[in-house]
Amino acid sequence: SFTYNISNLQMKIISHKKKLKKFILGERNLGFVPTMGAIHKGHLSLIKKSIAQCNKTIVSIFVNKPQFNRINDYKKYPRVLKKDISLLKKIGVHYLFLPSHNQIYPDGINKRIKVHPFSKKLCGKYRPHHFESVVDVVDRFIKLIHPKKIYFGEKDMQQLKIIEDFIKKNHSYVKVVACKTIREKNGIALSSRNFLLSFDERMIASKIYKILRMRKNNLIKKSIYITDIKKKIFTLGVNKIDYIEILDINKLIKPYKNKVIYKVFIAYFLGSTRLIDNI
Ligand code: AMP
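Quick note, the sequence shown lines up with residues 57 to 335 if you use the working numbering.
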C-alpha cells in the first residue's frame, strides 16, 4: 500500500488483504462502494452518499472476471485507473481497495453459493451464473471489509435485489443502501460501458430511453405491446434485444411491499456493447 498526496486530500490505496485489515481494523462506521472502475457520476453519487452517511468510505475497483460471460466483454471493459484515482481522491474517499484476482480467489470461485431464484430471470437467462459470481465476490469483500453500509445503484436493479436478499440472509449486520439511477441529460443511464459507444450509438441509446419513457404507461395498460416497441427499437439500428419486460419491482423478491411500482426492464446490444436499463 502507498499514499498519494496530490491535492490536499490523502487517500490510502491498498492492494493486499493483510494491509487492508490493518488499516480498517478500528473502523466502526465504514461505508463500502464496490465498483469495476471507469468511475462516472453514477458511481460518484453512491460515494457521496456513503461519505455523507459514514465516518469513512472505502471504494473497491475490481473487474471481477468470473462474472463475465463473454471473454471479449472482459477484455474490452474500460480500465482507466489513473483517472479513477484522481476522481476518487478529489471527492474525498478514504480508502481505495485494488486487489488482484489471486488476492480475492486464492482457492478459486465458490461454486456452492446460494442466491435467490430471481437470478434466473431477466439477465440471468442470457448470462448463466452471472449473479452467482457477483454475489460470490460481494460476499468475499464483505468478509474482508466488514462495512456497516454497502451501496448499490438501482441502475442494476436485478443485481441490487439479489444482493439485498443475500445480505439479509447472510450478513444481516450490513445495511444495503439503494441509490437512484443517474442519467445524462439525454436520458442515457451512466455506465462504464458507455465509454465504448460511438457518437451515433449514444444517440440511439438516448432514443431508446425516450421511447420507453414515453410508452411505459401504454405498455402497462397494454394499449401497446412489447413486440411493437421491439420492432421500433430494431428500426433504430439495434441488432439484438435480449429482453424487454415490465415488472413490479416490489414483487421481484418476496416478502414484498404492497405498493405497486412498475419498471420497464431492457437489455440490448449496440454493436458488441450490451446495455441494460430499467425505467
Ligand atoms: P459497476 O462499476 O458498473 O459495477 O457499478 C458499481 C456500482 O455503481 C453498482 O452498484 C451500480 O449499480 C452503480 N451504478 C452504475 N451506474 C450507475 C448509475 N448510472 N446510477 C446509479 N448507480 C450506478
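Glycine included, every Cβ here is placed at the ideal spot set by N, Cα and C.
At a Cβ-Cβ threshold of 8 angstroms, F321 and N334 count as neighbours. Take L246, set aside five residues on each side of it, and the residues of its chain with a beta-carbon closer than 6 angstroms to its own are H96, K97, G98 and I238, in chain order.
When only Cα atoms are considered, Q123 and N250 end up about 19 angstroms apart. For I219, no pairing in a beta bridge is given by DSSP. Between Y318 and D304, the C-beta gap is smaller than 8 angstroms, which places the two residues in contact. In this chain, S254 is not harboured by any beta strand (DSSP E), its DSSP state being neither H nor E. Pairwise C-beta distances place the segment 147 to 157 in contact with the segment 109 to 120, as three or more of them are shorter than 8 angstroms. The secondary-structure analysis by DSSP pairs C235 across a beta bridge with G209.
Going by C-alpha positions, L76 is about 42 angstroms away from V316. Sequence-distant Cβ neighbours of G327 in its own chain, meaning closer than 7 angstroms and more than five residues away, are E257. One thing to note: A94 has its Cβ within 8 angstroms of the Cβ of R135.
Distance from the CA atom of L178 to the CA atom of Y299, rounded to whole angstroms, is 7 angstroms. Within the same chain, L275 and I300 come within 7 angstroms of I282 by CB-CB distance, once the 5 residues on both sides are set aside. For the alpha helix (DSSP H) assignment, the uninterrupted runs of no fewer than 4 residues enclosed by the segment 106 to 144 are, from N- to C-terminal side, 127 to 132.
Per DSSP, the continuous alpha helix (DSSP H) segment holding Y182 begins and ends at C179 to Y182. Note on geometry: alpha-carbon atoms of K266 and N85 lie some 40 angstroms from one another.
In the three-state DSSP reduction, Y151 falls in the strand class (E or B).
Taking C-alpha positions only, Y229 is separated from P184 by approximately 29 angstroms. In the DSSP assignment, N306 falls outside any alpha helix (DSSP H) and carries neither an H nor an E. When C-alpha distances from E220 are compared across K199, V191 and I201, the shortest belongs to V191. Note: K319 is bridge-paired with L303 in the DSSP secondary-structure output.
In this structure, the beta-carbon distance from L308 to F222 does not fall below 8 angstroms. For P134, the shortest separation between its Cβ and any heavy atom of the ligand AMP does not lie below 7 angstroms.
Taken from the Cβ of D298, every heavy atom of the ligand AMP lies 7 angstroms or farther away. At a Cβ-Cβ threshold of 8 angstroms, T91 and V149 do not count as neighbours. For I285, the closest alpha carbon among the candidates S189, V232, L268 and L331 is that of L268. Straight-line spacing of the CA atoms in A261 and I244 works out to 6 angstroms.
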